[in-house]
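Number 488 in full-length UniProt numbering belongs to position 488 of the sequence shown; there are no gaps in the numbering. Even glycine gets a Cβ: it sits at the ideal position worked out from N, Cα and C. The structure under discussion appears below in the form of structure tokens.
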Amino acid sequence: MFILAAKLRALKALLKAWNFSSFGDVHLQVSISKAALDLVQAEISDLGPSVDRFQWEEVAHSAFQLALSSQGSLLHSKSRIRWLSEGDRNTSFLHNMVKIRKLHRPLVSLRVGSIVLHDNDLISAQVVQHFKQAFTQDTSISNTGLVEKIIPHLVTNDENLMLLALPSVEEITTTVKSMDAYSSPGPDGFGGIFFHHCWDVISTDVINAVQSFFRKCSSGNIAIKLDISKAFDTLDWGFLLRVLRAFGFDLAFTNWLHCILNSAYISVSINGSSCGFFSCSRGVRQGDPLSPLLFCLAEEVLSRGISQLVAKGKIDTIAAPKKVTVPSHVLFADDIMIFMQGNSQSLRALNRFLNAYAKNSGQVVNKAKSSIFLGRYARPRETIIQHTLGIREGSLPCTYLGVPIFIGRPKSVYFRSIADKVRCKLSSWKGHQLSQAARLQLISSVIQSLLIYSFQVYKWPRALLLRVQGWTRNFFWSGDPLKKGSTLVFLESLLHP
Numbered sequence: 001m002f003i004l005a006a007k008l009r010a011l012k013a014l015l016k017a018w019n020f021s022s023f024g025d026v027h028l029q030v031s032i033s034k035a036a037l038d039l040v041q042a043e044i045s046d047l048g049p050s051v052d053r054f055q056w057e058e059v060a061h062s063a064f065q066l067a068l069s070s071q072g073s074l075l076h077s078k079s080r081i082r083w084l085s086e087g088d089r090n091t092s093f094l095h096n097m098v099k100i101r102k103l104h105r106p107l108v109s110l111r112v113g114s115i116v117l118h119d120n121d122l123i124s125a126q127v128v129q130h131f132k133q134a135f136t137q138d139t140s141i142s143n144t145g146l147v148e149k150i151i152p153h154l155v156t157n158d159e160n161l162m163l164l165a166l167p168s169v170e171e172i173t174t175t176v177k178s179m180d181a182y183s184s185p186g187p188d189g190f191g192g193i194f195f196h197h198c199w200d201v202i203s204t205d206v207i208n209a210v211q212s213f214f215r216k217c218s219s220g221n222i223a224i225k226l227d228i229s230k231a232f233d234t235l236d237w238g239f240l241l242r243v244l245r246a247f248g249f250d251l252a253f254t255n256w257l258h259c260i261l262n263s264a265y266i267s268v269s270i271n272g273s274s275c276g277f278f279s280c281s282r283g284v285r286q287g288d289p290l291s292p293l294l295f296c297l298a299e300e301v302l303s304r305g306i307s308q309l310v311a312k313g314k315i316d317t318i319a320a321p322k323k324v325t326v327p328s329h330v331l332f333a334d335d336i337m338i339f340m341q342g343n344s345q346s347l348r349a350l351n352r353f354l355n356a357y358a359k360n361s362g363q364v365v366n367k368a369k370s371s372i373f374l375g376r377y378a379r380p381r382e383t384i385i386q387h388t389l390g391i392r393e394g395s396l397p398c399t400y401l402g403v404p405i406f407i408g409r410p411k412s413v414y415f416r417s418i419a420d421k422v423r424c425k426l427s428s429w430k431g432h433q434l435s436q437a438a439r440l441q442l443i444s445s446v447i448q449s450l451l452i453y454s455f456q457v458y459k460w461p462r463a464l465l466l467r468v469q470g471w472t473r474n475f476f477w478s479g480d481p482l483k484k485g486s487t488l489v490f491l492e493s494l495l496h497p
């Protein structure tokens, strides 16, 4: 891996020099070629047409188009917009997106306790120290044998052999080819398009680097909505590795994962400048495709622990009608809901387990952001429940996984936040700068995905549906969700199966 990184670093310097010598300042070239084209066209207008002047105009026009093409490619890569159609090349939309990406709000002051810092160096040092402390291992975490008591040995020897198998050349090649060509490049500056076009040259180095990693080297119903404080950032690595080993993952495989976790370094961006450069000793990186899988595996201790308490009768689940099964809990990454009876035994058992889980894993429940939703209780009993868990009472409607939870029939007020999100999305795209093909692509890929999840759960009120439909229709025809455009076909003709 070191050899590949060194080669890419050397290549980067050479490519920068080649880019400057071959292309130079593309924006300046556009201005120069445009001025040359204007000059010859003005001469044709003033002195009349001739063969020489037309040839000169053709050469100037070709140079101007070439400069525009280079500028469009540069703006396209800087804007990081991947869904534009051919008709939207080098438009004001791309220019605006590049400008917006360069904007940032400066951090001019920082309050630390009762002290306000204004010096940039002091602000940088304080921010770096804060994040360094946030990603430093909590020394109070200890191994009490909780993982071994709860997690069964599930991973077989055959599955371990599959995990330890050396990736084949075909598998590595397929993975590289599936990379998004126009995604943002990594810290080395090389995006997917580089690996696609230069694969014949760099394939041997990349395959050797990937394969080298795998070779051996050193009582009443309540619902509780839990919020884990900085869940991904506070997961203890030792706890995660113990969970994996308890499941039966091979030691070599867990060591590989440990190497990946140890490779993380953090630099904090303050006012456009990178400050600090320090390592982590806990947490999984958000945005890494492996992180959610590792987090969910570690969270199996929480899930199976609650199930174990239910099986042993220490937690009583919600009483439900016949033939209706109510889960004891549902989890989606760090979004947790627990359903149980609010008797003292169940509350104490859950509280003890959450404390033990936090002590072993570093996953501390943020009680200020967690909520309890109570059934019909006398006021003194509600106070006892909140005091036992240390969590405040919540109220309906609320939102879980982006879907509103409420009592009664679906009303427009419950879905207004989703509808407003659609309207804000449409307004932010500055649709007058996009072709209709691009607008249709946005509606199909973004707007519909915002709505379909909620549609699977609830039937929306007709009035709100018509309002959202109107915004979408206006955006398609006029580019503005609040401005009607000239429609070329009747809507009813498009709704037939």
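**Asked** Taking 8 Å as the CB-CB cut-off, is Val457 touching chain D?
**Response** In the structure shown, chain D does not exist; there is a single protein chain.
**Prompt:** With distances taken between CB atoms, is the gap from Ile222 to Ile385 smaller than 8 Å?
**Reply:** As a working mapping, residue 222 is identified with position 222 in the sequence shown. As a working mapping, residue 385 is identified with position 385 in the sequence shown. Yes. Within cutoff.
**Message:** Between Leu166 and Gln211, how many whole angstroms is the CB-CB distance? I'm expecting something under 8 Å.
**Reply:** Within the sequence shown, numbered from 1, the residue matching residue 166 stands at position 166. Within the sequence shown, numbered from 1, the residue matching residue 211 stands at position 211. Right, the Cβ-Cβ distance comes to about 6 Å (below 8 Å), so this counts as a contact.
**In DSSP terms, what Gln341 is bridged to** = As a first step, residue 341 is located in the sequence shown; it is residue number 341 there, counting from the start. Gln341 is bridged to Asn221.
**Prompt:** Taking the beta strand (DSSP E) that Leu331 falls in, what are its first and last residues?
**Reply:** For the purposes of this step, residue 331 is taken as the residue at position 331 of the sequence shown. Counting along the chain, Leu331 sits inside the beta strand (DSSP E) bounded by residues His329 to Phe332.
**Asked** When DSSP labels each residue in this structure, what does residue 548 get in the three-state scheme?
**Response** With the chain covering only 1 through 497, there is no way to say anything about residue 548.
**Prompt:** Are the region 140–149 and the region 285–296 touching by the rule of at least three beta carbon pairs closer than 8 Å?
**Reply:** no
**Request:** Please work out which residues of its chain come closer than 8 Å, Cβ to Cβ, to Ala463, disregarding the five sequence neighbours upstream and downstream, and give them in chain order.
**Result:** As a position in the sequence shown, residue 463 is number 463, starting the count at 1. For Ala463, where only same-chain residues beyond five positions count, the Cβ hits under 8 Å are Ser412.
**Request:** Locate the beta strand (DSSP E) running through Ser406, then write down its first and last residues.
**Result:** Here residue 406 refers to the residue found at position 406 of the sequence shown. The sequence as given places Phe at residue 406; Ser does not occur at that position. Here Phe406 belongs to no beta strand (DSSP E), and DSSP marks it neither H nor E.
**Request:** Taking all protein chains shown into account, decide if Leu14 is buried (16 or more other Cβ within 10 angstroms of its Cβ) or exposed.
**Result:** Position 14 of the sequence shown, counted from the start, is the residue given in the question as residue 14. Classification of Leu14: exposed, given that the 10 Å Cβ count is below 16.
**Asked** Between which two residues does the alpha helix (DSSP H) harbouring Tyr182 extend?
**Response** To locate residue 182, count along the sequence shown from 1; it is residue 182. Per DSSP, Tyr182 is not a residue of any alpha helix (DSSP H), being assigned neither H nor E.
**Asked** Three-state secondary structure (DSSP) at Leu110?
**Response** Numbered from its first residue, the sequence shown carries residue 110 at position 110. In this structure, Leu110 counts as strand in the three-state DSSP scheme.
**Message:** I'd like to check one pair, Gln126 with Leu107: are the Cβ atoms closer than 8 Å?
**Reply:** Taking the sequence shown and counting its residues from 1, the one referred to as residue 107 is at position 107. Taking the sequence shown and counting its residues from 1, the one referred to as residue 126 is at position 126. Cβ distance not < 8 Å, so Leu107 and Gln126 don't count as in contact.
**Option nearest Phe373 by Cα separation, candidates Leu164, Gly362, Leu389 and Ala358** = Looking up residue 373 in the sequence shown gives position 373. When each option's Cα is compared against that of Phe373, the closest is Leu389.
**Request:** Could you name the residues that DSSP lists as bridge partners for Thr399?
**Result:** For the purposes of this step, residue 399 is taken as the residue at position 399 of the sequence shown. DSSP, once it has assigned bridges, lists Pro404 as partnering Thr399.
**Request:** Could you pull the start and end residues of the beta strand (DSSP E) that Ile266 belongs to?
**Result:** Taking the first residue of the sequence shown as 1, we reach residue 266 at position 266. From DSSP, the beta strand (DSSP E) with Ile266 extends over Tyr265 to Ile270.
**Message:** Using a Cβ-Cβ cutoff of less than 8 Å, which residues in the same chain neighbour Phe415 once the five nearest sequence positions on both sides are dropped?
**Reply:** If you number the sequence shown from 1, residue 415 lands on position 415. Excluding its 5 nearest sequence neighbours in each direction, Phe415 has C-beta neighbours in its own chain below 8 Å: Pro404, Ser454, Tyr458, Trp460, Pro461 and Leu464, listed in chain order.
**C-alpha distance - Cys398 paired with Ser417, whole-angstrom precision** = Here residue 398 is taken as the residue at index 398 of the sequence shown, counted from 1. Here residue 417 is taken as the residue at index 417 of the sequence shown, counted from 1. So the two alpha carbons sit approximately 11 Å from each other.
**Asked** From which residue to which residue does the beta strand (DSSP E) around Ile32 run?
**Response** As a first step, residue 32 is located in the sequence shown; it is residue number 32 there, counting from the start. Run containing Ile32: none in the beta strand (DSSP E); it sits in the alpha helix (DSSP H), Val26 to Leu47.
**Request:** Report yes or no: do three or more beta-carbon pairs, one from the region 300–314 and one from the region 355–368, lie closer than 8 Å?
**Result:** yes
**Asked** When the Cα atoms are used, what is the spatial distance from Asp233 to Ser263?
**Response** Here residue 233 refers to the residue found at position 233 when the sequence shown is read from its first residue. Here residue 263 refers to the residue found at position 263 when the sequence shown is read from its first residue. Whole-angstrom Cα-Cα distance: 15 Å.
**Message:** On the CB-based measure, 16 or more other CB atoms within 10 Å of its CB, does Ser361 come out buried or exposed?
**Reply:** Taking the sequence shown and counting its residues from 1, the one referred to as residue 361 is at position 361. By the 10 Å Cβ count, Ser361 comes out buried.
**Request:** Spell out the partners DSSP gives Ser279 in its beta bridges.
**Result:** Walking along the sequence shown from the start, residue 279 turns up at place 279. Partner(s): Tyr265.
**Request:** Use the C-beta contact count for Ser346: other C-beta atoms within 10 angstroms, 16 or more gives buried, fewer gives exposed.
**Result:** The residue labelled residue 346 in the question sits at position 346 within the sequence shown. Its Cβ being crowded by 16 or more others within 10 Å, Ser346 is buried.
**Message:** Report the CB separation of Asp188 from Lys12 in whole angstroms; it is logged as a contact under 8 Å.
**Reply:** Here residue 188 refers to the residue found at position 188 of the sequence shown. Here residue 12 refers to the residue found at position 12 of the sequence shown. That pair is a contact at about 7 Å.
**Request:** Tell me Ser274's beta-bridge partners as DSSP assigns them.
**Result:** Counting from 1 along the sequence shown, the entry for residue 274 is found at position 274. Looking at the DSSP assignment, Ser274 forms a beta bridge with Ser269.
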